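Using UniProt numbering, read the sequence shown as starting at 1 and increasing by one per residue.
We put the beta carbon where it would ideally sit given N, CA and C, even for glycine.
Keep in mind the model is a prediction, meaning the values are calculated, not measured.
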Amino acid sequence: MAANTSVPKLISPQELHQLLQGQDASRPRVIPLDVSLVYPPASEYTQHLDGRIPGARFFSMKRYAAEDPELKTVIMLPTTGKFVGSMRYLGIRRDDHIVCYDVMGFWTPARGAWMLKVFGHEKVSVLNGGLPAWRAAGYSVETGSYSATEPSDYPFVQPNKELIASFESVASEAGIKERVIIDTRPVEEYADIGHIPKSISLPFTNFLAGPPPNDMRVLPEETWKGIIAKVIGDDLLNELQNKSSELQVISTCGWGVTACTVWLILGSFGVNARVYDESWEGYEMRAGNPVEKGSPDALHPGAPTKGVTSFPELQIPLDSLPDDGTPKIDEVTS
1 MAANTSVPKL ISPQELHQLL QGQDASRPRV IPLDVSLVYP PASEYTQHLD
51 GRIPGARFFS MKRYAAEDPE LKTVIMLPTT GKFVGSMRYL GIRRDDHIVC
101 YDVMGFWTPA RGAWMLKVFG HEKVSVLNGG LPAWRAAGYS VETGSYSATE
151 PSDYPFVQPN KELIASFESV ASEAGIKERV IIDTRPVEEY ADIGHIPKSI
201 SLPFTNFLAG PPPNDMRVLP EETWKGIIAK VIGDDLLNEL QNKSSELQVI
251 STCGWGVTAC TVWLILGSFG VNARVYDESW EGYEMRAGNP VEKGSPDALH
301 PGAPTKGVTS FPELQIPLDS LPDDGTPKID EVTS
């Protein structure tokens, strides 16, 4: 399905406010979607009720995620049935313009946008700076609980696998010359914990106005190309933009969240990157995978993965999460 070029990838609080004020029956609805993700024991849904953009709906990136009984990865794409069930419960229609945002500024909204694109939703934008920027612009927020909206008839859709990178695609030695893997984690994690061999370090924070959580706004679009080229070089960037190039671009991070920021930014240059949904968590949860360590200018082999996560405190099974009132979504089959 062709992308709708009339919908910007990134919008400002002022642009979103104007869209919300100008809604009428003659144009697609604009719906802010809170896709926040916070570290436990904090609750995303509680924070949503404490303050949200007027008219916003809430999608739990954690509780609606698909579960892998073996790897126990914590943040994965929802199943088709869970995604469609969520859209129907939230009253979202296929032609709605969805604007993803979060409570931190720019931590998870690109992940929400990628998820929607995976399932073929056309009109998707990300709010630059999220709820903090909305508040800073002087716009009002809603608080407290609210009634569920009238369910929609969102169609049953299948995921576009061209946007998803599998473990096999990042681990295969056969395709190592045909792929470029970009690691968006902090350089300290890339260097000290380790990374997929031959991957390029491009921290997503390079694109932010300030270090998290101080100013999580994405820098102006005219700066993006220079930031990317400084790391990967002009020649490789030009090759990635070449429509006839056979290079496959894969974006990865710790849990498949910030990788989506680079996916979003690369897409503005016509680069069709894939996101490795499991990312480093899934890679290291498989024992025996090769590991590279060190900073980009001093790389060296590391010990193979041991089949355990570097962040066990974050690996909380869904059935162990406390009930915070997040709406429970039924998985649909058609």
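Inter-residue Cα distance where the pair is Y89 and S295: Position 89 of the sequence shown holds residue 89. Position 295 of the sequence shown holds residue 295. Taking the straight line from one Cα to the other gives about 46 Å.
Cβ neighbour criterion (16 or more within 10 Å) applied to T309: Reading the sequence shown from its first residue, position 309 is the one you call residue 309. Answer is buried; the Cβ neighbour count reaches 16.
Limits of the unbroken beta strand (DSSP E) element including T252: By one-based count along the sequence shown, residue 252 stands at place 252. Its beta strand (DSSP E) spans residues Q248 to T252.
Cβ separation of L33 and R52, assumed to be a contact under 8 Å, to the nearest whole Å: The count along the sequence shown starts at 1 and reaches residue 33 at position 33. The count along the sequence shown starts at 1 and reaches residue 52 at position 52. With 8 Å as the limit, L33 and R52 do not qualify as a contact, their Cβ atoms being about 10 Å apart.
V126 - containing alpha helix (DSSP H), residue span: Here residue 126 refers to the residue found at position 126 of the sequence shown. Run containing V126: none in the alpha helix (DSSP H); it sits in the beta strand (DSSP E), V124 to L127.
L33: first and last residue of the uninterrupted beta strand (DSSP E) it sits in: Along the sequence shown, read from residue 1 onward, the residue named residue 33 stands at position 33. Taken as a continuous stretch (DSSP letters only), the beta strand (DSSP E) holding L33 covers V30 to D34.
The segment 12-29 / the segment 75-91 touching (three or more Cβ pairs under 8 Å): no
S152 and R93 closer than 7 Å at C-beta: The residue you call residue 152 lines up with position 152 of the sequence shown. The residue you call residue 93 lines up with position 93 of the sequence shown. Yes; because the gap between Cβ atoms is below 7 Å, this pair is in contact.
For Y45 and D319, the rounded distance between their alpha carbons: Counting from one through the sequence shown, the residue named residue 319 turns up at place 319. Counting from one through the sequence shown, the residue named residue 45 turns up at place 45. Distance between the alpha carbons of D319 and Y45 is about 16 Å.
Chain B within 7 Å of L90, Cβ atoms only: Among the protein chains of the structure shown there is no chain B, as only one such chain exists.
Beta-carbon proximity of D183 to T261, cut-off 7 Å: Taking the sequence shown and counting its residues from 1, one reaches residue 183 at position 183. Taking the sequence shown and counting its residues from 1, one reaches residue 261 at position 261. No. Outside cutoff.
Nearest-angstrom Cβ-Cβ length linking G144 and L49, presumed shorter than 8 Å: Taking the sequence shown and counting its residues from 1, the one referred to as residue 144 is at position 144. Taking the sequence shown and counting its residues from 1, the one referred to as residue 49 is at position 49. That pair is a contact at about 6 Å.
For K161, three-class secondary structure by DSSP: Translated into positions along the sequence shown, residue 161 becomes position 161. Three-state DSSP puts K161 in a helix.
Sequence-distant residues of its chain with Cβ nearer than 8 Å to K243 (five each side left out): Start at 1 with the first residue of the sequence shown, and residue 243 comes out as number 243. Excluding residues within five positions, the ones whose Cβ falls inside 8 Å are G270.
Cβ contact (3+ pairs, closer than 8 Å) linking the segment 212-228 and the segment 319-332: no
Buried versus exposed call for Y146 [16 or more other C-beta atoms within 10 Å across all chains shown]: Reading the sequence shown from its first residue, position 146 is the one you call residue 146. Answer is exposed; the Cβ neighbour count stays below 16.
Proximal residues to P203 (C-beta, below 7 Å), its chain only, five neighbours per side dropped: As a first step, residue 203 is located in the sequence shown; it is residue number 203 there, counting from the start. Counting only Cβ-Cβ distances below 7 Å, and skipping sequence neighbours, we find T184, R185, P186 and V187.
Exposed unless 16 or more other CB atoms sit within 10 angstroms - verdict on T258: Taking the first residue of the sequence shown as 1, we reach residue 258 at position 258. T258 comes out buried.
Stretch pair the segment 108-118 + the segment 61-78: three plus CB contacts closer than 8 Å: yes
Proximal residues to S201 (C-beta, below 6 Å), its chain only, five neighbours per side dropped: What you label residue 201 is simply residue 201 of the sequence shown in a count that begins at 1. Hits under 6 Å: D183, V187, Y190 and P296.
Any non-hydrogen atom of the ligand ATP closer than 6 Å to S86 Cβ: This structure simply doesn't include the ligand ATP, nor any ligand for that matter.
Unbroken alpha helix (DSSP H) run spanning D68, endpoints: Taking the first residue of the sequence shown as position 1, residue 68 is located at position 68. Run containing D68: none; DSSP gives neither H nor E here.
Where the alpha helix (DSSP H) containing N218 begins and where it ends: Within the sequence shown, residue 218 is the residue found at index 218, counting from 1. The sequence given here has Val at residue 218, not Asn. Taken as a continuous stretch (DSSP letters only), V218 belongs to no alpha helix (DSSP H), as it is neither H nor E.
Per-residue DSSP class, three states only, for F269: Position 269 of the sequence shown, counted from the start, is the residue given in the question as residue 269. Coil at F269, not helix or strand.
Whole-angstrom distance between M216 and W107, CA atom to CA atom: Here residue 107 is taken as the residue at index 107 of the sequence shown, counted from 1. Here residue 216 is taken as the residue at index 216 of the sequence shown, counted from 1. Rounded to whole angstroms, W107 to M216 spans 8 Å at the Cα level.
Beta carbon of G302 nearer than 7 Å to that of S279: As a first step, residue 302 must be located in the sequence shown, where it is residue number 302. As a first step, residue 279 must be located in the sequence shown, where it is residue number 279. Contact flag unset, no.
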